[in-house]
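Enquirer:
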Amino acid sequence: MKKIFSKSALLIYLINFIFLSCQSSKIVSTSNNSKEISYSSQIKLFQEEMNSSYKDIKESPLESKERKKFKSLPFFEIDSVYKVEADFVRTTDGQPFEMQTTTERKPMYQKFGEVSFELHGKRHTLNVYQSQNLKQKEEYKNYLFLPFTDLSNGQESYYGGRYIDLTIPTTANFDKIIIDFNKAYNPYCAYNKKYSCPIPPRGNNLNIKVLAGVSYENHE
């Protein structure tokens, strides 16, 4: 588990980049309830791993004063409605481009595909991207980046939008991909302005509130 956690924390760290360059249920005998409890446990593990990284002096984006008193990121209530199966369409003519960030740094990304899905009674489409730097690394060559904004930004969630990590769909099911907004997290610059964070490109906005994943409390 430690190995998995370290890789997850490193991935979030690489996306944000460092300066200079988020009543207990009783187990019932029905299979449906068991699946729900299992899913909730998975998300809680994701949250625990994030909290651990924010407490770790080597991985935390928090300033020393904030890190020492840190207990947990604020999370929305876990809701399986926000785990969606999306249609995935590969972009075959995407060209590398400089993605805008919160600083002058402009990392190279390429549009890898489009995802479309139903959420809150509406159909939505977002672009997913591939880092031209990370794809050169064996452990991250299948990594995809989904930055997005929604109507909760600036109120219940961070005003600058949030990120979700994805992987390239398998060949056997290349036209579908799972997007879990319960795993949406804030850029590091939401907590520390020394970081340079990608800004969700225009068009990757959801015209709904996504009350899932990491919420936001102003640390300034």
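According to the numbering used here, the sequence shown is numbered sequentially starting from 3. Note that CB positions come from ideal geometry on N, CA and C, so glycine has one too. Computed from a predicted model, the values in this text were never measured in an experiment.
Looking at the structure shown, is K196 part of a helix, part of a strand, or coil, going by DSSP?
Expert: Correct three-state label for K196: coil.
Enquirer: Going along the chain, which residues of its own chain have a beta-carbon closer than 7 Å to the beta-carbon of I80, five neighbours each way excluded?
Expert: Correct list, in chain order: S42, I45, N184.
Enquirer: Please classify H122 as buried or exposed, where buried requires at least 16 other C-beta atoms within 10 Å of its C-beta.
Expert: Label assigned to H122: exposed.
Enquirer: Is S62 helix, strand or coil when you go by DSSP?
Expert: Here S62 sits in coil by DSSP.
Enquirer: Exposed or buried, what is K5 when buried is set at 16 or more other beta-carbons lying within 10 Å of its beta-carbon?
Expert: The predicted position of K5 is uncertain, since its pLDDT is 38 and thus under 50; no value can be drawn from it.
Enquirer: Compute the distance between the beta-carbons of F72 and Q49, then report whether it is under 7 Å.
Expert: No.
Enquirer: Looking only at its own chain, which residues have a Cβ that is under 6 Å from the Cβ of D182, when we skip the five neighbours before and after it?
Expert: Correct list, in chain order: K85.
Enquirer: Please classify V83: is it buried, with 16 or more other beta-carbons within 10 angstroms of its beta-carbon, or exposed?
Expert: V83 should be labelled exposed.
Enquirer: Per the contact definition of three or more C-beta pairs closer than 8 Å, is the region 150–161 in contact with the region 202–219?
Expert: Judged by Cβ distances under 8 Å, the region 202–219 makes contact with the region 150–161, as three or more pairs qualify.
Enquirer: Since G215 and A186 are thought to touch, with beta carbons under 8 Å apart, how far apart are those beta carbons, to the nearest angstrom?
Expert: The Cβ separation is near 3 Å, so the contact holds.
Enquirer: With distances taken Cα to Cα, identify the nearest neighbour of P171 among Q157, N209, M52, F114.
Expert: The option with the nearest alpha carbon to P171 is F114.
Enquirer: Sort L168, M101, Y193, N155 by Cα distance to L213 and report the nearest one.
Expert: Comparing Cα positions, the closest option is N155.
Enquirer: Unbroken beta strand (DSSP E) runs of length 3 or more, entirely within the region 150–183: which are they?
Expert: Runs found: 164–169, 178–182.
Enquirer: With a threshold of 6 Å on Cβ separation, who are the neighbours of N207 within its own chain once the five nearest residues in sequence on each side are excluded?
Expert: Correct list, in chain order: T151.
Enquirer: If you count every other CB in all the chains shown that lies within 10 Å of the CB of V117, and 16 or more means buried, which is it?
Expert: Looking at its Cβ environment, which holds 16 or more other Cβ atoms inside 10 Å, V117 is buried.
Enquirer: Excluding sequence positions up to five away, which residues of its chain have a Cβ less than 7 Å from the Cβ of I179?
Expert: For I179, where only same-chain residues beyond five positions count, the Cβ hits under 7 Å are A88, F90, V117, L168, P171.
Enquirer: Sorted by chain position, which residues of the same chain lie with C-beta nearer than 8 Å to N144's C-beta, five sequence neighbours on each side aside?
Expert: T169, I170.
Enquirer: On a CA-only basis, which of R125, Y165, E106 is nearest I210? Give me that one, please.
Expert: Answer by Cα proximity: R125.
Enquirer: Using the Cα positions of I166 and E158, report the straight-line distance between them to the nearest angstrom.
Expert: If I take the Cα positions, the gap works out to 17 Å.
Enquirer: Cα separation between L128 and M110?
Expert: Those two C-alpha atoms are separated by around 19 Å.
Enquirer: Figure out for me which residue from K108, S217, N194 has the closest Cα to the Cα of E61.
Expert: Here the closest residue by C-alpha is N194.
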